[in-house]
Amino acid sequence: MPTSASPQSEDFRAEAEHRWPVALGILVALALYLLLPSDFDPRVRAAVAGIALLMFVPLVILNPRRLAREQRWSRRLSIAVSLVLLVANQVALVQLIVEMVTASRGDGPAVLLAAVQVWATNIAIYAAVYWEMDRGGPVARRRDARADLPAADFRFPQDEDHDAIDEVASGSSQKADWIPAYFDYVYFSASNSMAFSATDTMPLSHRAKALMMLQSLSGFVLLSLVIARSVSLLG
């Protein structure tokens, strides 16, 4: 649904979210992806980064400071940026697994550093995907009445805290109209990557469960291979 509302517009029930946290997350992910070792085809990495940046520029122009405007093309483009980076990093993950299994002993430190880069990129990109998909996306979450939002993909602790003690309930979704922001998705993306399961935020939809399962699986495989590789280097 197109809108030209400003962050202070009466069309928004809450202040529009800042552009730069997610922009910084994507730029950090791109930098980590570009800095992967040369064994990961640099031409492909440059092409992916270039395409993602070209797709991202119109989104920044549309909403340079706060996410106050959304049109059909911008919604689709924003989702596409996250998905392009997600697919590219999963390809890099597969390449990394092959490298970790076949690399010589002398390549060990470089491969371990690449593993950290892929893992950190995974956290940032999955966070962006979760942030885009949940409850209609970042613009709709703060613009539309709760009754008009699509079904939630994730349940945060604040969604259930309304019947807790006063100082906890005061910040709940029901009493304070709490709305998740990008950092909330970064936090549970990182938790999912390290705990290999949902922690304080629970997936509700099939697509959310599938994505979190894929992220947990990739994190588990990566950690297992890193440990095995480290042991072989020490031995």
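According to my numbering, the stretch in the sequence shown is residues 261 to 495, in order. Ideal Cβ placement from N, Cα and C applies to all residues, glycine included. These numbers were taken from a predicted model, which means no experiment stands behind them.
Across the set Leu296, Leu471 and Leu343, the C-alpha of Leu296 shows the shortest separation from the C-alpha of Gln355. The DSSP-derived three-state label of Glu330 is strand.
Of all C-beta pairs linking the stretch 386-399 to the stretch 454-471, three or more are shorter than 8 Å, placing the two stretches in contact.
Collapsing the DSSP output to three states places Phe443 in a helix. Non-local C-beta neighbours of Ser298 in its own chain, meaning closer than 8 Å and more than five positions away in sequence, are absent. Here Met315 is near Val341, since their CB atoms are less than 8 Å apart. Excluding sequence positions up to five before and after Ala412, its CB lies within less than 7 Å of the CB of Asp394, Arg395 and Leu464, all in the same chain and listed in chain order. With distances taken between CA atoms, Gln475 lies nearest to Ser457 out of Ser457, Leu409 and Leu485. A direct Cα-to-Cα measurement between Asp423 and Lys435 gives close to 10 Å. Every unbroken stretch of the alpha helix (DSSP H) spanning 4 or more residues and falling wholly within the stretch 301-366 is given here in chain order: 302-322 and 332-362. When C-beta atoms of the stretch 366-382 are compared with those of the stretch 401-408, fewer than three pairs fall below 8 Å, so the two segments do not count as touching. Looking at the DSSP output, Met462 sits in a beta bridge with Arg415. By the CB criterion at 8 Å, Glu277 and Tyr442 fall inside the cutoff. When C-alpha distances from Ile487 are compared across Asp444, Ser338, Pro417 and Leu373, the shortest belongs to Leu373. Annotation: the continuous alpha helix (DSSP H) that includes Gly368 extends over Gly368 to Met393.
Listed in chain order, the non-local C-beta contacts of Gly397 below 7 Å within the same chain comprise Arg335, local neighbours out to five positions each way being set aside.
The alpha-carbon of Thr362 is positioned some 12 Å away from that of Leu485.
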